[in-house]
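Q: In the working numbering, the protein residues as written are 549 to 709.
Built from N, CA and C at the ideal position, the CB exists for glycine as well.
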Amino acid sequence: MSFREINFDTDVGLQDVTVRTPVNIATIKYWGKRDESLNLPLHSSISITLSMKNMYSQTTARKSDKTSFCINGSYEEPTKRFLRLIKKVEEETGENVNVSVSTHNTFPTAAGLASSASGFAALASAMKLLYKVDNDVSELARLGSAMSPVAHDSASNPLSR
């Protein structure tokens, strides 16, 4: 991750977090899953991280009275992957998690780039910071996409496996 913005209110604590993560493109794709419940890939993949100068996913997570989910300016029903992440955060923290999430990509979705992986890596990073979860971000990101840990790891490594 090369960008994080954290807003802290001394009276009530951390209120919102904004995270940007890079996008990557898989040169060799993992093909299939060996464990559906853990979202583990059948084979390794190799991907190349693209520059965050113009292409990245940005996600803001804000503590809220109710959970909402906005992708690229459009409010949508929370996905199963998103709800799995919330459940994991609740299990780890013992808190009832209500969060307003707004995420967008600066590159086209469904263009062969790892948009969902990049977005979910940003979401997992934001939730970890916002709720002070002890789990590794890659473990949280894997709840959404088998490629999300690669997207998270590629923030510091331009060639990821």
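Out of Ala-609, Pro-656, Ala-665, His-652, point me to the one whose CA is closest to Asn-494's CA.
A: The first residue shown for the chain is 549 and the last is 709, placing residue 494 beyond what the model contains.
Q: Just checking, does the segment 596 to 615 make contact with the segment 635 to 642 on the three C-beta pairs under 8 Å criterion?
A: Output reads no: the segment 635 to 642 does not touch the segment 596 to 615.
Q: Look at the alpha carbon of Val-565 and the alpha carbon of Leu-678, and state the distance between them as a whole number of angstroms.
A: Answer to the nearest angstrom: the Cα atoms are 6 Å apart.
Q: Can you give me the Cβ contacts of Val-649 inside the same chain, cut-off strictly under 6 Å, excluding the 5 residues immediately before and after it?
A: Excluding residues within five positions, the ones whose Cβ falls inside 6 Å are Ala-609, Phe-617.
Q: Along the chain, where does the alpha helix (DSSP H) containing Glu-638 start, and where does it finish?
A: Its alpha helix (DSSP H) spans residues 628 to 641.
Q: Secondary structure at Val-647, three-state DSSP: helix, strand or coil?
A: Here Val-647 sits in strand by DSSP.
Q: Considering only residues of the same chain and omitting the five flanking positions on each side of Glu-640, which have a CB-CB separation below 8 Å?
A: Excluding positions up to five away in sequence, the list reads Tyr-679, Val-681, Asp-682, Asn-683.
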